[in-house]
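Engineer: Quick one: structure below, then a few questions.
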Amino acid sequence: MDKVVIIGAGAAGLSAAIHLAEENVPSTVISEMPSGRVQSNMAEGGINAALNTMGQDDTPALHEAETYKAGRFLACREAVHRLTHAAPDIVRTLFDWGMSLNLTETGQIAQRAFGGQSKKRTAFASASTGKQLMFTLTTKARMYEARGMIESRIGWRFLKLVERNGRAQGVLLANTNANQIAYVPASGVILASGGMNGLFGNATGSVLNKGNVTASLFAEGLPLGNLEMIQYHPTTTRLHGKNMLITEAVRGEGGRLYVEQNGERLYFMEEKYPELGNLMPRDVVAREEWYWIKQGIQPWLDMRDIPAEVSKNKLAGVLDACHDFLSLDPLQAPIPVSPGIHYFMGGIYVDVNHRTRIRNLYAAGEAACQYHGANRLGANSLLGAIAGGRTAADAAMDDLHGKTSSFQPPAEWLAPAYWLTGRKEGANLLRARKQLNLYLQKALGMERNETDLLRCLAQVEQMEAQIDGGYDSQAPIDENVIFPHSLLLAKAILHSALERKESRGAHTRSDYPGEREEYRKTTLSVYTDKAIRTVFQPIEGD
Amino acid sequence: MEIKIIIQRQENPDTKPYLQTFLYKGDGALTVADLLAEMNAREPLMDADGKPAPRISFASSCHEKKCGACAMLINGTPKLACSVFLNTAVQKDNTVHLAPLSKFPVIRDLVADRSATFAMLEKMQVWLTRKRDEGEEQARQLQYAAGQCLACGCCLEVCPNYLAGNAFGGAAAMIQAYKAIEQNEDDAHRAELKKQYEEHFFNGCSQSLACAKVCPARLPLETIQARANAHLLKKHSILQKR
């Protein structure tokens, strides 16, 4: 019998699992924590779909054009077409499954304005859209779990993909709390493991998303795409450990960005971009903020012009978070904001059907490089996760051949000691990861340049030399196995940023300002023969 | 300030718990979750007596009160470690006590096994067969509030009627069952949901309402419960009329 193994229990993973279950294909979902605790729950502002409920003549074609343009023409157009045209059905389906979306007075799904979009296109559940969406998917998945179609394996992390003859055969897993390894055979494997937060350490998302799955597969030769495209969200605020997101919906509902100049407020976005103002695409807003921050001037996000009732009804989560973490009431005072890492547009390279270059292996959600090009539109991430999960499930089903892999790994692979053979104790991977975070934050910030990137590359290479096969007896087995691969992945990102000698979307090179048409290509990173190769290849369908 | 961090530790489910004290020096303007991460990065991590200590296991994911992973006992009260600042948690004797939730089996240190809460939802068949039409009967705000439940387990920790593995599901089960009962069309599944609600919540709740006071998401548990009960009792009144 067929069984698909899904790595990750977020929006993309559950979307795939539910879609498979609807077609009577069983799956096993692997996750360190239950679905209610993963990063998708943190999404705030909404999910885009041209439902056209606000009387603005919105169409999927316009959603497509605006997504493609905001991504600075670096996404696969056909994939964007499918995404945006599937969107209305996806949002209506979520509503039919019980999702508590905000409604208009006439009982239609309400939609609000979001960055880079000329129509009110963002369906939402106050400022907790991800939470409500995950509640809905989890409820749906529970029904299939009870029927035996979905098996949840909570408390396990990805250790290694087992591949034979160019096909994914199954995955090795490490237990989160015990020194234990398990093997799960598969007919297909869908990677829905999220972004690469763990390389940077201060991203707005979950600390669970280390990027270890991506790092491991890269080290095994799987190509990755557009790694340099890292979204800095313009309105994040610093917490002690990491940055916290203040949703774009604040600006969608009328929040304004300003800096103080000579005792007066300068609404810098509204002055420079009269049409979309505070709702320009994220890359643009972040760059405009950066202009002031470089001069030591603090940008502020002001909610005081939004009617208090609107803030309380549609942005309740923002008020709560500011109260709890900043001791600040946004109805009375502005919020200090700065750009912070929020989303990885790049990742595992997939085709329009979410197939990777390994047979029976698929990727979806933030782990995959799809839909968003050089800059993601706000509220396209939940959409991309659901659509990608479905598409990957469809591709997996097309490729199924009626049986799960019969490959059995050698018994020694299940012994944790096997994975440390030939390595000596002495590394401190917590410290090493923190060091890597600091290096990458500096070199891959809002603005990059060759000098900083090359310096960082040398620093990471030095780290590789220092670690040199050492292991950390207090770190989990998967971290010991994969951390060296994370250094490799970090180098691949740096090479991608170095080779793209232009400024496009989220990638700003101070030494190469401006877009250049010859770089309107996918940055492909491949690790072969112990070397990282970075090549520019035509975008699929171009 | 110098604070003594007293942590209840346990190596695995089969070993005995023990207390270990650590020292923190600083202004305390960080959350308990950040503190634990910071302590784990110490080289080496040493207890208050200067003896090396193993890193402290705790569950965390979002660090901003959106996932419920980091619920633990802070000075004996269940709270989310990500949203309690150390300088507000410190007691008069300059101590902060951390322990795992006590109603669940301990996996390791501050990590408790809350899987029973999810198993209960499956047992109670909390899902929709088909959503009923949107109508006045629906309390959309309360349904939204139900969807905000973090499944952190704080409500269960303080509940006098709850113990993981028993028949009573507590507020964490109640709130999810409520949403499903109210949203599902009036079919056999809805009748089953009500039956399950009655068995796994209604019959076991002694109305202490301790849950409502401790919920980190400040959810209106009392109102939601009243509404869920009304759905249940409506069934009974219909039966009585017949």
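Order-wise, the sequence lines are chains A and B. At the far end of the first sequence sits residue 1032, using the working numbering, and the numbering has no gaps. At the far end of the second sequence sits residue 1177, using the working numbering, and the numbering has no gaps. Beta carbons are placed, not taken as given, at the ideal position from N, Cα and C, and that holds for glycine.
(1) Taking 8 Å as the CB-CB cut-off, is Ala502/A touching chain B?
(2) To the nearest angstrom, how far is it from the Cα of Leu919/A to the Cα of Trp1062/B?
(3) Determine the burial state of His844/A: buried for a count of at least 16 other Cβ atoms within 10 Å of its Cβ, exposed for fewer.
(4) At a cut of 8 Å, does the region 1111-1129 of chain B reach the region 1031-1038 of chain B through at least three beta carbon pairs?
(5) Does Gln1118/B get closer than 8 Å to chain A when you measure Cβ to Cβ?
(6) Given Asn692/A, which residues of its chain have a CB within under 6 Å of its CB, disregarding the five upstream and five downstream residues?
(7) By a C-beta neighbour count over all protein chains shown, 10 Å radius and 16 as the cutoff for buried, is Glu743/A buried or exposed?
(8) Spell out the partners DSSP gives Glu641/A in its beta bridges.
(9) Any C-beta of chain B sitting closer than 8 Å to the C-beta of Val652/A?
(10) Determine the extent of the beta strand (DSSP E) in which Tyr673/A is found, giving its start and end residues.
(11) Could you tell me the alpha carbon to alpha carbon distance between Lys1176/B and Leu1077/B, rounded to whole angstroms?
(12) Within this structure, are the beta carbons of Ala739/A and Glu534/A separated by less than 8 Å?
(13) Should Lys1000/B go down as buried or exposed, given a rule of 16 or more other Cβ atoms within 10 Å for buried?
(14) Report yes or no: is there a C-beta of chain B within less than 8 Å of the C-beta of Ile644/A?
(15) If Arg772/A sits next to Gly605/A, beta carbons under 8 Å apart, how far is it from one beta carbon to the other, in whole angstroms?
(16) So, for Leu756/A: in the same chain, excluding its five sequence neighbours on each side, which residues have a beta-carbon less than 7 Å away from its beta-carbon?
(17) Quick check: what's the CA-CA separation for Arg944/B versus Ser871/A?
(18) Output the distance between the C-alpha atoms of Pro952/B and Ile1009/B, rounded to the nearest integer angstrom.
(19) Pick from Thr1030/B, Arg1065/B, Met1059/B and Phe1137/B: whose alpha carbon is nearest that of Val967/B?
(20) I'd like the span of the beta strand (DSSP E) that includes Glu750/A, first residue to last.
(21) Could you tell me the alpha carbon to alpha carbon distance between Gln1160/B and Arg880/A, rounded to whole angstroms?
(22) Span of the alpha helix (DSSP H) holding Ala1024/B?
(23) For a test of the three-state rule: what should DSSP assign to Asn538/A, helix, strand or coil?
(24) Is any beta-carbon of chain A found at less than 8 Å from that of Ser992/B?
(25) Going by Cα to Cα distance, which pick from Ala996/A, His730/A and Gln622/A is closest to Thr694/A?
(26) With DSSP as the reference, identify every bridge partner of Ser683/A, one or two as the case may be.
(27) With a threshold of 7 Å on Cβ separation, who are the neighbours of Leu541/A within its own chain once the five nearest residues in sequence on each side are excluded?
(28) Can you pull the chain B neighbours of Lys732/A, defined as C-beta to C-beta under 8 Å?
(29) Does the beta carbon of Phe625/A sit closer than 8 Å to a beta carbon anywhere in chain B?
(30) Using a Cβ-Cβ cut-off of less than 7 Å, list which residues of the region 1018-1044 of chain B approach chain A; keep chain order.
(31) At which residues does the beta strand (DSSP E) containing Ile496/A begin and terminate?
(32) For Met1007/B, name the three-state secondary structure that DSSP assigns.
(33) Should Leu1174/B go down as buried or exposed, given a rule of 16 or more other Cβ atoms within 10 Å for buried?
(34) At which residues does the alpha helix (DSSP H) containing Val1149/B begin and terminate?
(35) Since Ile736/A and Val679/A are thought to touch, with beta carbons under 8 Å apart, how far apart are those beta carbons, to the nearest angstrom?
(36) Could you tell me which chain B residues have their CB closer than 7 Å to the CB of Arg921/A, listed as they occur along the chain?
Structural biologist: In terms of the structure at hand:
(1) As a working note, residue 502/A is residue 12 in the first sequence. False, the Cβ-Cβ gap to chain B never drops below 8 Å.
(2) Looking up residue 919/A in the first sequence gives position 429. Looking up residue 1062/B in the second sequence gives position 127. When rounded, the distance between both Cα atoms is 42 Å.
(3) Stepping through the first sequence from its first residue, residue 844/A is reached at position 354. His844/A comes out buried.
(4) no
(5) Start at 1 with the first residue of the second sequence, and residue 1118/B comes out as number 183. Yes, contact with chain A.
(6) Taking the first sequence and counting its residues from 1, one reaches residue 692/A at position 202. Closer than 6 Å at the Cβ level, and outside the excluded window around Asn692/A, lie Lys732 and Asn733.
(7) For the purposes of this step, residue 743/A is taken as residue 253 along the first sequence, with counting starting at 1. That one is buried.
(8) To locate residue 641/A, count along the first sequence from 1; it is residue 151. For Glu641/A, which the question treats as bridged, DSSP gives the partners Thr518/A.
(9) On the first sequence, position 162 is the one that residue 652/A refers to. No, no contact with chain B.
(10) Taking the first residue of the first sequence as 1, we reach residue 673/A at position 183. First-last of the beta strand (DSSP E) with Tyr673/A: Ile671 to Pro675.
(11) Here residue 1176/B is taken as the residue at index 241 of the second sequence, counted from 1. Here residue 1077/B is taken as the residue at index 142 of the second sequence, counted from 1. Below a pLDDT of 50, predicted positions are generally treated as unreliable, and Lys1176/B, at 43, falls in that range; no measurement from the model is reported.
(12) Taking the first residue of the first sequence as position 1, residue 739/A is located at position 249. Taking the first residue of the first sequence as position 1, residue 534/A is located at position 44. Against a cut-off of 8 Å, the Cβ pair of Glu534/A and Ala739/A comes out as a contact.
(13) Residue mapping note: residue 1000/B aligns to position 65 of the second sequence, counting from 1. Looking at its Cβ environment, which holds 16 or more other Cβ atoms inside 10 Å, Lys1000/B is buried.
(14) Residue 644/A sits at position 154 when you count from the first residue of the first sequence. Closer than 8 Å to some Cβ of chain B, the Cβ of Ile644/A qualifies, so yes.
(15) Taking the first residue of the first sequence as 1, we reach residue 772/A at position 282. Taking the first residue of the first sequence as 1, we reach residue 605/A at position 115. Going by Cβ atoms, the distance from Arg772/A to Gly605/A rounds to 6 Å, so yes, they are a contact pair.
(16) Numbered from 1 along the first sequence, position 266 holds the residue referred to as residue 756/A. Counting only Cβ-Cβ distances below 7 Å, and skipping sequence neighbours, we find Tyr748 and Val749.
(17) Looking up residue 944/B in the second sequence gives position 9. Looking up residue 871/A in the first sequence gives position 381. Near 39 Å, if we compare the C-alpha coordinates of Ser871/A and Arg944/B.
(18) As a working note, residue 952/B is residue 17 in the second sequence. As a working note, residue 1009/B is residue 74 in the second sequence. Rounded to whole angstroms, Pro952/B to Ile1009/B spans 16 Å at the Cα level.
(19) What you label residue 967/B is simply residue 32 of the second sequence in a count that begins at 1. Ranking the options by Cα distance to Val967/B, first place goes to Thr1030/B.
(20) As a working mapping, residue 750/A is identified with position 260 in the first sequence. Taken as a continuous stretch (DSSP letters only), the beta strand (DSSP E) holding Glu750/A covers Arg746 to Gln751.
(21) Against the second sequence, residue 1160/B aligns to sequence position 225. Against the first sequence, residue 880/A aligns to sequence position 390. For Gln1160/B and Arg880/A, the distance between alpha carbons rounds to 36 Å.
(22) By 1-based counting over the second sequence, the position of residue 1024/B is 89. Residues Leu1021 to Ala1024.
(23) The count along the first sequence starts at 1 and reaches residue 538/A at position 48. In this structure, Asn538/A counts as strand in the three-state DSSP scheme.
(24) Position 57 of the second sequence, counting from 1, holds the residue named residue 992/B. With 8 Å as the cut-off, Ser992/B counts as an interface residue toward chain A.
(25) Taking the first sequence and counting its residues from 1, one reaches residue 694/A at position 204. The candidate whose alpha carbon is nearest that of Thr694/A is His730/A.
(26) For the purposes of this step, residue 683/A is taken as the residue at position 193 of the first sequence. In DSSP, Ser683/A forms no bridge with anything.
(27) Along the first sequence, read from residue 1 onward, the residue named residue 541/A stands at position 51. The residues are Pro578, Val581, Ile599, Gln601 and Ala613.
(28) Position 242 of the first sequence, counting from 1, holds the residue named residue 732/A. Correct list: His998.
(29) Stepping through the first sequence from its first residue, residue 625/A is reached at position 135. Output row for Phe625/A: interface = yes.
(30) Ser1018, Ile1042 and Arg1043
(31) On the first sequence, position 6 is the one that residue 496/A refers to. First-last of the beta strand (DSSP E) with Ile496/A: Val494 to Ile497.
(32) Here residue 1007/B refers to the residue found at position 72 when the second sequence is read from its first residue. Reduced to three states, the DSSP call for Met1007/B is strand.
(33) Position 239 of the second sequence, counted from the start, is the residue given in the question as residue 1174/B. Low confidence applies here, because Leu1174/B scores a pLDDT of 46, under 50, leaving its location unreliable and the question unanswered by this model.
(34) As a first step, residue 1149/B is located in the second sequence; it is residue number 214 there, counting from the start. Start and end: Ala1145 to Val1149.
(35) Within the first sequence, the letter at position 246 stands for residue 736/A. Within the first sequence, the letter at position 189 stands for residue 679/A. At roughly 36 Å, the Cβ-Cβ gap does not stay under 8 Å, so Ile736/A and Val679/A are not in contact.
(36) Taking the first residue of the first sequence as 1, we reach residue 921/A at position 431. Within 7 Å Cβ-Cβ: Ala976 and Glu978.
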